[in-house]
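**Q**
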Amino acid sequence: MHEIINRVRERLLQSTDENTQKNSQRFFKETIRFYGVKTAVVQKISKECFADIKHLPKAEILAFNETLWQSGMIEESFIACNWTYALRKQFQPDDFKLFRHWVDSYISNWASCDTFCNHSLGEFVEMYPDYVQELKAFTQSENRWMRRAAAVTFIIPARKGRFHSDIFEIADLLLVDTDDLVQKGYGWMLKAASQYDQQRVFEYVMQKKAVMPRTALRYAIEKMPKELRQEAMKK
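Under our numbering, the first residue of the sequence shown is numbered 857, with each subsequent residue one higher.
#1: Would the stretch 892-901 and the stretch 863-880 be scored as touching if the rule is three or more Cβ pairs under 8 Å?
#2: List the endpoints of the continuous alpha helix (DSSP H) containing residue 937.
#3: Can you look up residue 1018 in the DSSP assignment and give me helix, strand or coil?
#4: Beta-carbon within less than 6 Å of residue 853's beta-carbon, same chain only, minus the 5 sequence neighbours each way: which residues are those?
#5: Count the other CB atoms within 10 Å of the CB of residue 1067; is the residue buried (16 or more) or exposed (fewer)?
#6: When the distance is taken between beta carbons, is residue 1071 closer than 8 Å to residue 1043?
#7: Would you mind sorting residue 1039 into buried or exposed? The rule is 16 or more other CB atoms within 10 Å of its CB.
#8: 8 Å is my cut-off, CB to CB: does residue 965 come that close to chain B?
#9: Hey, would you say residue 906 sits closer than 8 Å to residue 937, going by beta carbons?
#10: What are the start and end residues of the alpha helix (DSSP H) that includes residue 923?
#11: Kindly give me the distance between the Cβ atoms of residue 1004 and residue 969, rounded to whole angstroms, as I take these residues to be in contact under 8 Å.
#12: Quick one: what's got a C-beta closer than 7 Å to residue 1031's C-beta in the same chain, skipping five residues either side?
#13: Note down the Cα distance separating residue 952 from residue 1087, rounded to an integer number of angstroms.
#14: Say whether the stretch 1021-1029 touches the stretch 984-998, bearing in mind that this needs 3 or more beta-carbon pairs closer than 8 Å, one atom from each stretch.
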């Protein structure tokens, strides 16, 4: 394990970019830890290093990912996300416990949350729909990233028209959440759902807009025609 992790870290250190180092923090309200490597370069390192380990058993690769998550470095979290998603055809129900642990214990910013949940956790839920109930339970967590995860996991399924009844239930559970990143998360989920069923999302927004935070509302209606957006924004 040490050899591959060290190789990843050496390549990240060698790839730091002064401009990226200077500007990375400004995208986040919370303090993040980073090398300062451009996203495209992180993707390249991720892909090339995965080629060296893809023959290994899933459990070993997931153990590498645990180590990468533990570092707290945002680029390492992206690589852990990529390597997990590369194993998606091997996902089994028992993996949910580990995935939940990563969200609750290690995710500390919106970028890591969305990268992991949009892809790996979203894929998992599509494969094993019974776990939607577990995602609904995330909405009651004190951890803002768990609550955001409950919504952003459904971004890609929502665009396909999947889980829409569950999506509206999750929106109800998060409706008056005071955290702006949670509001943006469930607003984004509704926006994704509107790409499949605009009318139903519009009706939901109109029904809830008296109590829905304006941040969530603006996200939810972003893809709608101008006249619908104007109607939804009226006080």
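All residues carry an ideal CB built from backbone N, CA and C; glycine is no exception.
**A** Taking the definition as stated:
#1: yes
#2: 930-942
#3: coil
#4: Outside the displayed span of the chain (857 to 1091) sits residue 853, for which this structure offers no information.
#5: exposed
#6: In contact: residue 1043 and residue 1071 (Cβ atoms closer than 8 Å).
#7: buried
#8: No chain B appears in the structure shown, which is made up of a single protein chain.
#9: no
#10: 914-926
#11: Contact annotation, residue 1004 with residue 969: C-beta distance approximately 5 Å; criterion of less than 8 Å satisfied.
#12: 1064, 1067, 1068
#13: 41 Å
#14: The stretch 1021-1029, when compared against the stretch 984-998, does touch it at the 8 Å Cβ threshold.
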